[in-house]
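In what follows, a single structure is set out as structure tokens and then discussed.
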Amino acid sequence: MLTHLGHSCVLVELADTRLLIDPGVFTSNLSAATDLDAVIITHQHPDHLDQARLPELMTANPRARLIADPESLTVLRGLGLDASGHDEGTAMIGGVTVTPVGRQHAVINPALPVITNVGVRLSAPGEPSIYHPGDTLAEDPGAVDVLLFPLNAPWQASQEMTAFIGRIGARQAVPIHDGLLRPNGRAIYLQHARDFGHPDTEIIDLAGEGQHTVRLD
Numbered sequence: 001m002l003t004h005l006g007h008s009c010v011l012v013e014l015a016d017t018r019l020l021i022d023p024g025v026f027t028s029n030l031s032a033a034t035d036l037d038a039v040i041i042t043h044q045h046p047d048h049l050d051q052a053r054l055p056e057l058m059t060a061n062p063r064a065r066l067i068a069d070p071e072s073l074t075v076l077r078g079l080g081l082d083a084s085g086h087d088e089g090t091a092m093i094g095g096v097t098v099t100p101v102g103r104q105h106a107v108i109n110p111a112l113p114v115i116t117n118v119g120v121r122l123s124a125p126g127e128p129s130i131y132h133p134g135d136t137l138a139e140d141p142g143a144v145d146v147l148l149f150p151l152n153a154p155w156q157a158s159q160e161m162t163a164f165i166g167r168i169g170a171r172q173a174v175p176i177h178d179g180l181l182r183p184n185g186r187a188i189y190l191q192h193a194r195d196f197g198h199p200d201t202e203i204i205d206l207a208g209e210g211q212h213t214v215r216l217d
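FYI, in full-length UniProt numbering the residues of the sequence shown are 1 to 217.
Listed below in structure tokens is the structure:
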């Protein structure tokens, strides 16, 4: 089961394990984020890491592990949170293997520093594999069944987004990172994903079709 909670925040339910990825400031409602086994942060930007709400979220989920990219660890520990880094390698969370993918955020502007960004590949026996890239299109997670792809970003052109979908070639792809878009602009990017991505990839839009959750094949 995959639930899009807004922008890049998704709740993944695989193998009786509940994982929340990138609860940021563009995620308006975290009421579904309960009984979590882990919270995963790909990088420290506010749209992926809401410093104001994360401590409360972790308190409400006392058994959840908190895993983050190397530079976010400093931020999290400054909030008084106990977190482990993706640098420790592949982790087992319940029945799910969490494999870190990549190291750097995409370049937004040459005037801005490039921070760390670690995407995650999630897999479990008998379940579809899922890749959340955070904020980069540069990495290769290997073969995956479900790709979560940034629909729009200051660091990404539409042609780069569609090339990413085409290169990964997943059976299903779900748009995320869409919090900067108005509905009419969002529809254009979504049509590009469907028309120019990969002919065998089904685009499942959880935000734009009145649904937020899908049971993955």
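C-beta atoms are modelled at their ideal positions from N, C-alpha and C, and glycine is treated no differently.
| Taking the alpha helix (DSSP H) that residue 192 falls in, what are its first and last residues? | 183-196
| request: On the DSSP bridge assignment, give the partners of residue 100 in chain order. | output: 120
| said: Just to confirm my understanding: we take residue 136, look at its own chain, exclude 5 residues before and 5 after, and list those with CB closer than 8 Å. What are they? | reply: 102, 104, 105, 106, 117, 119
| Got a sec? Which residues, its chain only, sit under 6 Å from residue 20 by beta carbon, not counting five neighbours each side? | 11, 33, 36, 39
| When you compare only the Cα positions, how much space is there between residue 74 and residue 163? | 34 Å
| Nearest-angstrom Cα separation, counted from residue 85 out to residue 28 | 26 Å
| task | Quick one: measure Cβ to Cβ for residue 198 and residue 165, integer angstroms, because I've assumed they're closer than 8 Å. | result | 5 Å
| query | Can residue 91 and residue 68 be called in contact, C-beta distance under 7 Å? | reply | no
| task | Note down the Cα distance separating residue 15 from residue 145, rounded to an integer number of angstroms. | result | 15 Å
| Helix, strand or coil for residue 150 per DSSP? | strand
| query | By the 10 Å Cβ neighbour count, where 16 or more other Cβ atoms means buried, how is residue 112 classified, buried or exposed? | reply | exposed
| At which residues does the alpha helix (DSSP H) containing residue 159 begin and terminate? | 158-168
| Backbone CA spacing between residue 42 and residue 123 [nearest angstrom] | 17 Å
| message | Going by C-alpha to C-alpha distance, which of 13, 1, 17, 55 sits closest to residue 23? | response | 55
| request: May I ask you to check if the CB of residue 204 is nearer than 6 Å to at least one heavy atom of the ligand FAD? | output: Absent from the structure shown: the ligand FAD. Ligands present: none.
| If you draw a straight line from the alpha carbon of residue 181 to that of residue 188, how long is it in whole angstroms? | 10 Å
| What is the rounded straight-line gap between the Cα of residue 169 and the Cα of residue 148? | 12 Å
| said: Quick test of your reading: residue 76 and residue 66, contact by CB under 8 Å. State the CB separation rounded to the nearest angstrom. | reply: 7 Å
| request: Classify residue 44 as buried or exposed, calling it buried when 16 or more other Cβ atoms lie within 10 Å of its own Cβ. | output: buried
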